[in-house]
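If you're matching positions, the sequence shown starts at 799 in our numbering and goes up one per residue. All C-beta atoms, glycine included, are put in the ideal place defined by N, C-alpha and C. Remarks on the structure that follows.
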Amino acid sequence: MGCGYTIMTTRILKKLGGVACLAMAFAAYIPSAHAQNNYTNAGTSVSNTFTLTYSVGGTTQPQIDNTGDPTSFTVDRLVDLTVSYQSNSDDDSVAPGAQDEEVVFLLRNDGNDNFAYSLTTVNEASGDDFDTSNLEIRYYIDDGDGSYEPGADDGSAQSYAAATDDLAPDAILWVEIIGDIPASQGDTETSDISLVADTLFPTAWLEEGSTGANAGTEVTADDGTNTVEGSAENVLNDGSGTSNEAANAGDYSDTATFTVSSPDLAADKTVQVIATNADGLFDCENDALVSANEYSIPGSCLEYTITVTNSGSADATISLLSDTLPDDLTFQGATFTGFTGGTPAQPVVGTDCDAGACVVSQTGGSVTAGNVATIEIRVEVN
């Protein structure tokens, strides 16, 4: 921007000297959208001179200028920041009872000087179903590419205590909020967590050096009586992200949501007579149901069906599903459907089930969200 400055507020306009600069000053503004800011550092002294040459009656007169006393102003300190929940967080979908789940926020310094930040978590009181417990904060310093790369290009996590490291203009911190999910929460229930970042004095300004005893204290707006030259004054230009803070107060916030994704399992077992088989000619292992009105006599073929229904939004991993058949039966075969992976097991066809000899089982694998798995077991009555 002309007249030797980059960022201006209405308060800064009175710093300008000269009609030409004043005409341009009315177009000055504070940007609300982010770009690589390239802002002039707070505390920079901007000087400007002019020259006037003229003649009288064709005779050149001595030049008039202010080179010996330039018109100067100091660029004030723009306080602005962005806090934004990152939708690519790995763990915003969580299981009941899960521990050390995390959501990730971007924190960016949108001002024109170094700042540090205080970080606060808020378990929102309304609009969700539960509070996440044992919340803690850690952060990574972005390597300059604007990509969340924890443990790689962004280095190791920094534990948060009372203030972050100093953050240069346009630089980014990746802030993780970590917490535990109560075991009692049901499928699709939510927990809203907000991150509030408040602007603090850094250990050192870019142009004006050490902040001394002020380091780590809250940055507040100056009194509005602008001094054209001298030290930079604080101009708060932040917006408001949630009801946890207000605009032009040096803080900003955003909200992330943990959503419980849980299987909702139901299982039952039924039995049906497939064939009375009074003549002993029915192939119990392979033949189809004869009718709905068959009888269970010695030699009859029956079918047990174990049905597992997952009506939740997450896959259910099977540890073990096992059925030990009664002593009064002979095993005739089993069919497993709807399981993803895992290992089915069954006795040899024709095994007498006396003394627990017939165990049908599914070890491992899963029943995916919204699906049904079954085990159909054929037996003959001894």
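Quick one: Cα of residue i to Cα of residue j, how far?
i, j, result
"THR1161", "LEU1063", "17 Å"
"ALA1031", "ASP911", "The sequence shown places Glu at residue 1031, rather than the Ala named in the question. When rounded, the distance between both Cα atoms is 11 Å."
"ALA1013", "LEU850", "47 Å"
"ARG1144", "GLY1097", "Residue 1144 is actually Gln in this sequence, not Arg. Looking at the two C-alpha atoms, the distance is approximately 21 Å."
"VAL973", "GLY984", "28 Å"
"GLN861", "TYR852", "7 Å"
"GLY1136", "ALA1065", "13 Å"
"ASP1229", "ASP926", "One cannot answer for residue 1229 here, as it falls past the ends of the chain, which runs 799 to 1180."
"ASP978", "LEU1127", "49 Å"
"THR1025", "ASP963", "30 Å"
"SER957", "ILE939", "12 Å"
"ALA1182", "LEU1123", "With the chain represented from 799 up to 1180, any question about residue 1182 goes unanswered, as that position is not in the structure."
"GLU947", "GLY953", "8 Å"
"THR872", "GLU1006", "11 Å"
"ALA893", "THR1103", "29 Å"
"ALA789", "THR1040", "Nothing can be reported for residue 789, as the shown portion of the chain is limited to 799 through 1180."
"SER843", "ASP996", "27 Å"
"SER1060", "GLU987", "10 Å"
"ASP1085", "ARG1176", "10 Å"
"GLY1022", "GLU1043", "22 Å"
"VAL1170", "ASP1036", "52 Å"
"ALA960", "SER916", "6 Å"
"PRO1142", "GLY1148", "18 Å"
"VAL1146", "PHE1056", "48 Å"
"TYR837", "VAL1033", "14 Å"
"PRO967", "GLY949", "23 Å"
"SER982", "VAL1058", "10 Å"
"GLY1168", "ARG875", "56 Å"
"ASP941", "LEU905", "14 Å"
"GLY1163", "PHE1134", "12 Å"
"PHE848", "ALA1045", "40 Å"
"ASN1091", "PRO980", "50 Å"
"SER989", "ALA1047", "27 Å"
"LYS1067", "GLU1174", "10 Å"
"ASP1125", "VAL1157", "11 Å"
"GLY1116", "ASN932", "What sits at residue 1116 in the sequence shown is Ile, not Gly. Going from the Cα of ILE1116 to the Cα of ASN932 covers about 30 Å."
"GLU1178", "GLU1083", "9 Å"
"PRO951", "ASN835", "Strictly speaking, residue 951 in this sequence is Asp, with Pro absent from that position. About 23 Å."
Can you tell me whether residue i is buried or exposed? The criterion is at least 16 other CB atoms within 10 Å of its CB, across all chains shown.
i, result
"VAL1069", "exposed"
"ASP1081", "exposed"
"TYR1093", "exposed"
"ALA1132", "buried"
"GLY909", "buried"
"GLN859", "exposed"
"ILE1095", "exposed"
"ASN907", "buried"
"VAL1106", "buried"
"THR930", "buried"
"VAL854", "exposed"
"GLU934", "exposed"
"GLU1101", "buried"
"GLU770", "With the chain represented from 799 up to 1180, any question about residue 770 goes unanswered, as that position is not in the structure."
"ASN1108", "buried"
"LEU1087", "exposed"
"ALA1011", "exposed"
"LEU1079", "exposed"
"SER945", "exposed"
"ALA1153", "exposed"
"ALA896", "buried"
"SER1120", "exposed"
"GLY1140", "buried"
With residue i and residue j assumed to form a contact (beta carbons below 8 Å), what rounded beta-carbon distance in angstroms separates them?
i, j, result
"LEU1004", "ALA840", "7 Å"
"PHE913", "LEU998", "7 Å"
"SER885", "PRO868", "That pair is no contact at about 50 Å."
"ILE970", "VAL901", "In fact, because the Cβ distance is near 16 Å, the residues do not count as touching under 8 Å."
"ILE976", "ASP890", "Wrong, their Cβ atoms sit about 12 Å apart, outside the cutoff."
"THR1138", "THR1166", "6 Å"
"VAL920", "VAL1017", "Contact doesn't hold; Cβ gap of about 21 Å is too wide."
"SER1008", "THR1001", "7 Å"
"LEU1118", "SER1159", "6 Å"
"CYS791", "GLN1130", "This structure does not reach residue 791, given that the chain is present from 799 up to 1180, and the question cannot be answered."
Shorter than 7 Å, the distance from the beta carbon of residue i to the closest heavy atom of the ligand SAH, or not?
i, result
"GLU1016", "The ligand SAH is not part of this structure, which contains no ligands at all."
Stretch pair the region 1112 to 1120 + the region 1072 to 1080: three plus CB contacts closer than 8 Å: Verdict: no, contact absent.
Cβ contact (3+ pairs, closer than 8 Å) linking the region 1050 to 1057 and the region 878 to 885: Verdict: yes, contact present.
Restricting to runs no shorter than 3 residues, where is the beta strand (DSSP E) found entirely within the region 1025 to 1064? Assignment of beta strand (DSSP E) within the region 1025 to 1064, counting only whole runs of 3 or more residues, yields 1032 to 1034, 1049 to 1058 in chain order.
Mind listing, in chain order, the continuous beta strand (DSSP E) runs of no fewer than 3 residues lying wholly within the region 1093 to 1160? DSSP runs (the beta strand (DSSP E)) wholly in the region 1093 to 1160: 1099 to 1108, 1118 to 1122, 1127 to 1135, 1141 to 1143.
Any beta strand (DSSP E) of 3 or more consecutive residues that is wholly inside the region 888 to 935: Counting only runs of at least 3 residues, the region 888 to 935 fully encloses the following beta strand (DSSP E) elements, listed from N- to C-terminal order: 899 to 907, 914 to 921.
Return the chain-ordered ranges of every beta strand (DSSP E) run that is complete within the region 960 to 1013 and spans a minimum of 3 residues. Fully enclosed beta strand (DSSP E) runs of 3 or longer: 970 to 978, 988 to 998.
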